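Residue 66 in our numbering sits at position 67 of the sequence shown, with consecutive numbering throughout. All C-beta atoms, glycine included, are put in the ideal place defined by N, C-alpha and C. If you're wondering where the values come from, they're calculated on a predicted model, not measured in any experiment.
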Amino acid sequence: MPTMQQAASAFLANKRIAVTGVSRKPKDHGANVVYKRLRDRSYQVYAVNPNADSVEGDRCYHDLKSIPGGVDAVVIATAPSRAEETVRECAELGITQVWMHRGPGEGSVSTAATEFGRQHGITVIDGGCPLMFDPTSDFGHKVMRLMFRSHVPKNV
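If you want it as structure tokens, here you go:
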């Protein structure tokens, strides 16, 4: 079982990442913050929202299978009730890295999604935020990583 640091490093080594739950109304929405930071750090990042055609000035995809060329990893930043459906889509598409976002609030973590993913060979990071770890971190997210330790798993 990898440590959180090992899992985060492996996840962030991927360069084609989808972020689900990116909103058309971005005001401090966690998915949008993650999406923009990955984009700003030169990742090939793809916004996913079934109800939007564009977000943050970029094309938005309605589901993972619509992304040309696919992705290597997925950040789930939707309601936990939608996480299992997304992890199932990842399994169908052969995506083996998933991060269920969780900051100070409820986040996107779903026990059922975590269990399904792990049973199907997917590395599931069930909590925390990709922006809490290098090479995407900033001072504020490093502080949050310390403040919200209970939201960041120790092992994956």
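- Taking every protein chain shown into account, the CB of M0 has fewer than 16 other CB atoms within 10 angstroms, so this residue is exposed.
- Counting the other Cβ atoms within 10 Å of the Cβ of N31 gives 16 or more, which makes it buried.
- For A112, same chain residues with a beta-carbon under 6 Å away, outside a window of 5 residues either side, are A82, E83, V86 in chain order.
- Non-local C-beta neighbours of R23 in its own chain, meaning closer than 7 Å and more than five positions away in sequence, comprise A51, V54, ordered along the chain.
- In this model, G126 and A76 are separated by some 10 Å (Cα to Cα).
- The secondary-structure analysis by DSSP pairs Y42 with nothing; it has no beta-bridge partner.
- Considering only Q96, Q4, R40, C59, the residue with the shortest C-alpha distance to F115 is Q96.
- Going by DSSP, M99 is part of the beta strand (DSSP E) stretching over 96-99.
- With distances taken between CA atoms, Y60 lies nearest to I16 out of A9, I16, G29.
- Cβ-Cβ distances below 6 Å link R40 to T135 in the same chain, with the five nearest sequence neighbours on each side left out; the list follows chain order.
- Around the CB of G68, fewer than 16 other CB atoms lie within 10 Å, so the residue is classed as exposed.
- In the three-state scheme derived from DSSP, where H, G and I count as helix and E and B as strand, V74 is classed as strand.
- Taken through DSSP and simplified to helix, strand or coil, G29 comes out as helix.
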